[in-house]
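So the protein lines, in turn, are chains A and B. Under my numbering, think of the first position of the first sequence as 148, with each following residue one higher. Under my numbering, think of the first position of the second sequence as 47, with each following residue one higher. First up is the structure itself, then whatever we jot down about it.
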Amino acid sequence: MENPSLGMFIAVFEEVFGKTLFWAMVAAAAIVTVLYLYVLIRDRSVSWRKFLLAQVSMPFGAVLAVVFLWNVTHSGFGDIGGPVDLLVLLGVAAIGAIGAAILVYTIQSLIQGPDRPPQ
Amino acid sequence: MDFPDIPTTRRALLGALAAGGTAALLPGEAPAQHRAVQTSANIVILGAGAAGTALANRLSARLDGANITVIDPRQRHLYQPGFTLIAAGLKPSGYSVSQTADWLPRGVTWVEAGAAAIDPEAQNVETTDGQTLAYDYLILATGLELNYEGIEGMSRELIGQNGIGSVYAGPEEAAATWREMDRFTEEGGVGLFSRPATGMKCAGAPLKYTFLTDHYLREKGNRSRSEIIYAAHSDTLFGVPIVNEKVRMLYADRGFNTVYNHVMTAIDPGRKVATFATPEGDVEIEYDFTNVIPPMRAPAAIRESGLSWEDRWVGQGWAEVDQYTLRHARYPNVFAAGDVAGVPKGKTAASVKWQVPVVEDQLVAQIVGDTTDHIYSGYTSCPLITRVGRAMLIEFDYNNNLVPSFPGLIAPLEELWISWLIKEVALKATYQAMLRGRA
Ligand SMILES: Cc1cc2nc3c(=O)[nH]c(=O)nc-3n(C[C@H](O)[C@H](O)[C@H](O)COP(=O)(O)OP(=O)(O)OC[C@H]3O[C@@H](n4cnc5c(N)ncnc54)[C@H](O)[C@@H]3O)c2cc1C
Numbered sequence: 148m149e150n151p152s153l154g155m156f157i158a159v160f161e162e163v164f165g166k167t168l169f170w171a172m173v174a175a176a177a178i179v180t181v182l183y184l185y186v187l188i189r190d191r192s193v194s195w196r197k198f199l200l201a202q203v204s205m206p207f208g209a210v211l212a213v214v215f216l217w218n219v220t221h222s223g224f225g226d227i228g229g230p231v232d233l234l235v236l237l238g239v240a241a242i243g244a245i246g247a248a249i250l251v252y253t254i255q256s257l258i259q260g261p262d263r264p265p266q
Numbered sequence: 047m048d049f050p051d052i053p054t055t056r057r058a059l060l061g062a063l064a065a066g067g068t069a070a071l072l073p074g075e076a077p078a079q080h081r082a083v084q085t086s087a088n089i090v091i092l093g094a095g096a097a098g099t100a101l102a103n104r105l106s107a108r109l110d111g112a113n114i115t116v117i118d119p120r121q122r123h124l125y126q127p128g129f130t131l132i133a134a135g136l137k138p139s140g141y142s143v144s145q146t147a148d149w150l151p152r153g154v155t156w157v158e159a160g161a162a163a164i165d166p167e168a169q170n171v172e173t174t175d176g177q178t179l180a181y182d183y184l185i186l187a188t189g190l191e192l193n194y195e196g197i198e199g200m201s202r203e204l205i206g207q208n209g210i211g212s213v214y215a216g217p218e219e220a221a222a223t224w225r226e227m228d229r230f231t232e233e234g235g236v237g238l239f240s241r242p243a244t245g246m247k248c249a250g251a252p253l254k255y256t257f258l259t260d261h262y263l264r265e266k267g268n269r270s271r272s273e274i275i276y277a278a279h280s281d282t283l284f285g286v287p288i289v290n291e292k293v294r295m296l297y298a299d300r301g302f303n304t305v306y307n308h309v310m311t312a313i314d315p316g317r318k319v320a321t322f323a324t325p326e327g328d329v330e331i332e333y334d335f336t337n338v339i340p341p342m343r344a345p346a347a348i349r350e351s352g353l354s355w356e357d358r359w360v361g362q363g364w365a366e367v368d369q370y371t372l373r374h375a376r377y378p379n380v381f382a383a384g385d386v387a388g389v390p391k392g393k394t395a396a397s398v399k400w401q402v403p404v405v406e407d408q409l410v411a412q413i414v415g416d417t418t419d420h421i422y423s424g425y426t427s428c429p430l431i432t433r434v435g436r437a438m439l440i441e442f443d444y445n446n447n448l449v450p451s452f453p454g455l456i457a458p459l460e461e462l463w464i465s466w467l468i469k470e471v472a473l474k475a476t477y478q479a480m481l482r483g484r485a
């Protein structure tokens, strides 16, 4: 293995989600990212109208990510025991929020196409 | 004792010197990053558990031409730190079970038998199926023996009935222990917890299981109808003073009834009474649920080999090795790693992770006629679960110093969710990476 720390990182996550689910999630994340870049390049600008809805989705993504982690680790909000736990919680929520925003923006762009230029 | 001549070519020797030199500077380095050392040495490893498997993988990657034989009768590889989670109803018994064969590298010979006798003078091992295997180097990695018969009236068959649990016995027994603990926490009553007076693997595990039982009693609303008794074998709860103080405070906070200098000597499953030897004589304690942790000792083949300490841990038979190099005190071509090693600390899988690269480097240096400064510091780690969802990530060394992996970030003596996440999520993966020689 070229980089043992990366390999261990992957091994850890395979353990958390199971091999299949983990790689399915990695693939899904990669596909969404590529599509996001595709629509950005295609439209040659960020659509602020679409971005609004994407922003609305962020809290949902945040909550979903946190609840998911709690579920796979038999834990919950009451287990926060110190500042570092709060940072972990916020970090996971942030990842969920950003992921949701990118996903929603990309789906809108793919379905609706580029914004019509103002007349 | 004379040291055997290991045939090596001059070119291999020079290459090996270079490899051995960097090894000392880079503890925990993946084996593939060393240049292979040429040797035709016969290396026999007793035991394919955590330490034996990791060493088989690391040595076979490090050595070119060596004859490596692993002796272990057990087909199933057991991830023992998972037993606690199984016995807490959080994982199925299969969580800890994999196949020994799946972890051993190609090119290593696996003898599916036990070591019956070791003759360190003649340098051979007799197996339970009648083979005699000669060695140039021997690695003792047999783990330890759970001596249930050391408690009068106790046997493995009793686990899972009449309020008797035993997390240590195996994955199925851990699941049976959970069924009893689950029933007990539904009903309430007296929960009795203890630990043996011998050296033991994962000295935090008895404490964890006490906390976990308390957790479920509270969750089910039955804590007020219950008593939790913890019988400590000595006048402390944990061997590291700063950790002992913290555990003492947590035990008081949880309302546990702690008694000291109590060592379980007998159990009467019919009457549900355990007998403890104390400085004041025998004391009987009744229980509705108990987690029996038996005395532990080295397997018979080790105890009878003449390789054990005679004046320390008398009767327990741990291998007489130097606590830093893990090399045998009287037979320099013999090493020990893991639970069987007679060192003051370190009967955990986390210690194995730190011991294995030391044994590897010491052995390889010896093969090429060199020495190395790479030593074992006594590092031991114990994610001390204090309830479902929280743990303390305790790491320490021979000097009873705390040696946190994430100083300033993860406080070792705080009950934290992140420490729980590490135990629940990362430890098994890290253990498996270690087995493959990659961590
Ligand atoms: C309930 C419990 C909880 C634990 N929790 C933790 C934890 O949270 N963190 C942690 O780091 N560690 C923990 N541990 C400790 C950890 O599992 C052990 O320290 C580790 O497995 C030791 O590795 P080993 O290779 O020395 O022995 P083992 O992994 O036990 O392997 C020994 C092997 O030797 C074989 N063997 C035995 N006798 C012979 C013979 N005569 N000939 C040939 N082969 C033989 C056995 O079949 C076995 O395969 C826990 C252990 C238990 C039981």
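For glycine and all other residues, C-beta sits at the position ideal for the given N, C-alpha and C. What you are looking at is a predicted structure, and each value in this text was computed from that prediction instead of being measured.
For F381 (chain B), the enclosing beta strand (DSSP E) stretches over residues 380 to 382. Using a Cβ-Cβ cut-off of 7 Å, G228 (chain A) is close to R436, E460, E461, L462, W463 of chain B, given in chain order. Counting along the chain, F239 (chain B) sits inside the beta strand (DSSP E) bounded by residues 236 to 240. With fewer than 16 other beta carbons inside 10 angstroms of its own, E232 (chain B) counts as exposed. Look at R482 (chain B) here: in three-state DSSP terms it is coil, with no helix or strand label.
By the beta-carbon neighbour count (other beta carbons within 10 angstroms, threshold 16), L372 (chain B) is buried. Look at H374 (chain B) here: in three-state DSSP terms it is strand. G424 (chain B) and L179 (chain B) have their C-alpha atoms roughly 32 Å apart. Per DSSP, Y125 (chain B) lies in no beta strand (DSSP E) and is assigned neither H nor E. Here the alpha carbons of T115 (chain B) and D182 (chain B) stand approximately 11 Å from one another. Nearest CB-CB separation between V213 (chain B) and chain A: not below the 8 Å threshold. Residue range 436 to 442 is occupied by the beta strand (DSSP E) that includes F442 (chain B), with no alpha helix (DSSP H) assigned at that position. No heavy atom of ligand 1 is found nearer than 7 Å to the CB of T253 (chain A). Taken in chain order, the members of the region 406 to 437 of chain B whose beta-carbon sits within less than 7 Å of a beta-carbon on chain A are V434, G435, R436. Within its own chain, the residues whose Cβ lies closer than 6 Å to the Cβ of E218 (chain B), once the five positions on either side in sequence are excluded, are S139, listed in chain order.
Rounded to whole angstroms, D443 (chain B) and K391 (chain B) show a C-alpha spacing of 7 Å. Two segments are said to touch when three or more pairs of C-beta atoms, one from each, lie closer than 8 Å; by this definition the region 422 to 436 of chain B does not touch the region 181 to 192 of chain A.
Y422 (chain B) places its beta carbon 8 Å or farther from that of Y477 (chain B).
At least one C-beta of chain A is nearer than 8 Å to the C-beta of L455 (chain B). Sequence-distant partners of L409 (chain B) (beyond 5 residues in either direction) whose C-beta falls short of 8 Å from its own C-beta, in its chain, are I89, L105, Y183, I185, F381. Residue pairing for V171 (chain B): DSSP places it in a beta bridge opposite B:I164, B:L179. The Cβ-Cβ distance between V83 (chain B) and L109 (chain B) falls below 8 Å. With respect to I227 (chain A), L236 (chain A) sits close: the two C-beta atoms are nearer than 8 Å. The C-beta distance from I274 (chain B) to G235 (chain B) rounds to 10 Å, too long to meet the 8 Å contact threshold.
According to the DSSP assignment, G243 (chain A) belongs to no beta strand (DSSP E) but to the alpha helix (DSSP H) extending over 230 to 259. For F322 (chain B), the secondary structure class from DSSP, reduced to helix, strand or coil, is strand.
D262 (chain A) places its beta carbon 8 Å or farther from that of R191 (chain A).
Within the same chain, G363 come within 6 Å of R349 (chain B) by CB-CB distance, once the 5 residues on both sides are set aside.
Taking a C-beta distance under 8 Å as the contact criterion, G267 (chain B) and L124 (chain B) do not qualify as a contact pair. Among the bridge pairs identified by DSSP, I421 (chain B) is matched with none. Interface flag for Q478 (chain B) against chain A is set, since a Cβ pair is found closer than 8 Å.
When beta bridges are read from the DSSP output, D328 (chain B) appears opposite B:A323. For K393 (chain B), the distance from the CB to the nearest heavy atom of ligand 1 is below 7 Å. Two segments are said to touch when three or more pairs of C-beta atoms, one from each, lie closer than 8 Å; by this definition the region 201 to 212 of chain B touches the region 297 to 316 of chain B. Taken from the Cβ of S194 (chain A), every heavy atom of ligand 1 lies 7 Å or farther away. A158 (chain A) belongs to the set of residues whose beta carbon lies under 8 Å from a beta carbon in chain B.
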